[in-house]
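**Student:** Under the working numbering, the first residue of the sequence shown carries the number 19, and numbering increases by one thereafter.
Backbone N, C-alpha and C fix where the C-beta goes; we use that ideal spot for every residue, glycine too.
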Amino acid sequence: MMTISDPTTRFERAVTLEGNRIRFLNAPSNLAVNQGQTRDVFSDKWNATQGLDQEEKLFETQRAWFLRLYGFETEESLRNYLQNARTIVDTGCGLGYKAAWLAELAPHACVMGIDLSDSVHIAARRYAGVPNLFFLQADIADTGLRTGSCDVVVCDQVIMHTEDPERTFVHLADITSAEGEFLCYFYRRKALPRELVDDHFRSHTHGVDAEAMWEFSAQLTELGKRLSELNVSFECPDIPMLGIQGGTYDIQRFIYWNFLKCFWRPDWGFELSKITNFDWYAPSNARRFSREEVDEIAGRAHMVPMFFHGEEACYSGRFRHAMSGPKQSSANQ
Numbered sequence: 019m020m021t022i023s024d025p026t027t028r029f030e031r032a033v034t035l036e037g038n039r040i041r042f043l044n045a046p047s048n049l050a051v052n053q054g055q056t057r058d059v060f061s062d063k064w065n066a067t068q069g070l071d072q073e074e075k076l077f078e079t080q081r082a083w084f085l086r087l088y089g090f091e092t093e094e095s096l097r098n099y100l101q102n103a104r105t106i107v108d109t110g111c112g113l114g115y116k117a118a119w120l121a122e123l124a125p126h127a128c129v130m131g132i133d134l135s136d137s138v139h140i141a142a143r144r145y146a147g148v149p150n151l152f153f154l155q156a157d158i159a160d161t162g163l164r165t166g167s168c169d170v171v172v173c174d175q176v177i178m179h180t181e182d183p184e185r186t187f188v189h190l191a192d193i194t195s196a197e198g199e200f201l202c203y204f205y206r207r208k209a210l211p212r213e214l215v216d217d218h219f220r221s222h223t224h225g226v227d228a229e230a231m232w233e234f235s236a237q238l239t240e241l242g243k244r245l246s247e248l249n250v251s252f253e254c255p256d257i258p259m260l261g262i263q264g265g266t267y268d269i270q271r272f273i274y275w276n277f278l279k280c281f282w283r284p285d286w287g288f289e290l291s292k293i294t295n296f297d298w299y300a301p302s303n304a305r306r307f308s309r310e311e312v313d314e315i316a317g318r319a320h321m322v323p324m325f326f327h328g329e330e331a332c333y334s335g336r337f338r339h340a341m342s343g344p345k346q347s348s349a350n351q
């Protein structure tokens, strides 16, 4: 029978292990105000998500997107990629479904899910029967893990919600082993009108209570739904000064990408679409990045991309310490 090594040995800070929960003996208490607000928002989000009828649809969609974001053609290719990993950490793990997936694909590895929000309590209960999976509630910019202790570090759709994404990237690069890889996602800058609206909400979120933000998210969802149901497409000209790319757009997607995030997916339904809108507009911390900024952040941490992907929503890549691997491959940059 395979034995998974004690996860506490990966930490430089004193921790205890209680079942599948890792806990700091002396938890840090220096959380910034914005990060505390962001933690509370994501606690609300994940509490609202658990148990939805469309929850498995969300997980299925996210798993498929993960493969594309990080250069894996199939789930089997990801399984092969993980075969030599001894320690895998999913930072910003939410409800833990991705960490559980990685634990299933790599049963020989010690897998840890880390999240600042209360979602880790749900995740720990849900996946209590997975022998190689453990959870820690912590700031992902200060995990307490030892330098070079992790063979695969995942930060998927999370780093933009941290207080200082540059510092977070440096820390997660630091805990990545010499031959390991750091998989990271960056939310991409959008057209100027959309950026201005997003910036407005970043500065005003603290003054809006959760109930009002949920109501606002429902209104955005209804707008996205109604626009989508118009089933109207048009040819948009290039407008470089506004950062609007020309092409054929469905009217809902045109407004979504260029003016206002009014997310709607019919197969996800109203509640899950509403949660997705809440996910973006409620947190105080929600940075966006240009390709040049991503390159600069990675370069300062002395990390180079082994694989890099770009699409309208984001940039993503698998990064290694400089001089530790072959030249990168790229997709849709």
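1) I need the boundaries of the alpha helix (DSSP H) containing Tyr115, first residue and last residue.
2) Quick one: any contact between the segment 241–255 and the segment 207–227, if contact means 3 or more CB pairs under 8 Å?
3) Run the proximity test for Glu74: is its beta-carbon closer than 7 Å to any non-hydrogen atom belonging to the ligand FAD?
4) Keeping to the same chain, check which residues put their C-beta closer than 6 Å to that of Asp216; ignore five residues upstream and five downstream.
5) Between the Cα of Tyr203 and the Cα atoms of Thr165, Ser23, Leu113, Arg309, which residue gives the shortest distance?
6) Between which two residues does the beta strand (DSSP E) carrying Phe204 extend?
7) Which runs of the alpha helix (DSSP H), 4 residues or longer, sit entirely within the segment 288–345?
8) From the DSSP output, read off the bridge partner residues of Phe42.
9) Leaving out the 5 sequence neighbours to the left and right, which residues in its chain are closer than 7 Å to Arg338 when beta-carbon positions are compared?
10) When the Cβ atoms of the segment 132–139 are set against those of the segment 150–158, are three or more pairs found closer than 8 Å?
11) Just how far apart, CA to CA, sit Met20 and Ala127?
12) Please determine, among Glu73, Leu201, Pro125, the residue with the shortest C-alpha to C-alpha distance to Tyr88.
13) In the structure shown, what three-state DSSP assignment does Ile177 receive?
14) Out of curiosity, what's the CA-to-CA distance linking Ala82 and Lys75?
15) Only counting runs of 4 or more residues, tell me where the alpha helix (DSSP H) segments fall wholly within the segment 121–167, in order along the chain.
16) Would you list the one or two residues that DSSP bridges to Val171?
17) Using 10 angstroms around the beta-carbon of Pro258, count the other beta-carbons present and answer buried if the total reaches 16, otherwise exposed.
18) Would DSSP call Tyr274 helix, strand or coil?
19) Less than 8 Å separating the beta-carbons of Thr266 and Ser251?
20) Have a look at Glu78, Asn44, Tyr145 and flag the residue whose alpha-carbon is nearest the alpha-carbon of Ala32.
21) Tell me the rounded alpha-carbon separation between Lys116 and Leu260.
22) Could you name the residues of the same chain whose beta carbon sits closer than 6 Å to that of His189, not counting the 5 residues immediately before and after it, in chain order?
23) Please classify Gly37: is it buried, with 16 or more other beta-carbons within 10 angstroms of its beta-carbon, or exposed?
24) Mapping DSSP to helix, strand and coil, what is Phe77?
25) Kindly provide the ranges of any alpha helix (DSSP H) runs that are 4 or more residues long and lie completely inside the segment 200–256, ordered along the chain.
**Tutor:** A quick look at the data gives this:
1) From DSSP, the alpha helix (DSSP H) with Tyr115 extends over 115–123.
2) Under the Cβ criterion (8 Å, minimum of three pairs), the segment 241–255 does not count as touching the segment 207–227.
3) The ligand FAD is absent from the structure shown, which contains no ligands of any kind.
4) There are no such residues.
5) It is Arg309 whose Cα lies nearest to the Cα of Tyr203.
6) Per DSSP, the unbroken beta strand (DSSP E) holding Phe204 starts and ends at 194–205.
7) Within the segment 288–345, the complete alpha helix (DSSP H) runs of at least 4 residues are 309–318.
8) Paired residue(s): Val33.
9) Answer for Arg338: Glu199, Met321, Val322, Met324, listed in chain order.
10) Segment contact: the segment 132–139 against the segment 150–158, three or more CB-CB distances shorter than 8 Å; contact assigned.
11) Here the model assigns Met20 a pLDDT of 47, short of 50, so the residue's position is not dependable and the matter cannot be decided.
12) Checked all of Glu73, Leu201, Pro125; the closest Cα to Tyr88 is Leu201.
13) Note: Ile177 maps to helix in three-state DSSP.
14) Spanning the two alpha carbons is a distance of roughly 11 Å.
15) Entirely contained in the segment 121–167, the alpha helix (DSSP H) runs reaching 4 residues are, in chain order, 137–144.
16) The partner list for Val171 (beta bridge, DSSP) reads Val107, Phe200.
17) Note on Pro258: under 16 other CB atoms within 10 angstroms of its CB, so exposed under the neighbour-count rule.
18) In the structure shown, Tyr274 sits in a helix (DSSP, three-state: H, G or I).
19) Between Thr266 and Ser251, the CB-CB gap stays under 8 Å.
20) Here the closest residue by C-alpha is Asn44.
21) Whole-angstrom Cα-Cα distance: 36 Å.
22) Within its own chain, the residues whose Cβ lies closer than 6 Å to the Cβ of His189, once the five positions on either side in sequence are excluded, are Ala159, listed in chain order.
23) Gly37 is exposed by the Cβ-count criterion.
24) If DSSP states are grouped into helix, strand and coil, Phe77 belongs with the helices.
25) Complete alpha helix (DSSP H) runs here, min 4: 210–222, 228–248.
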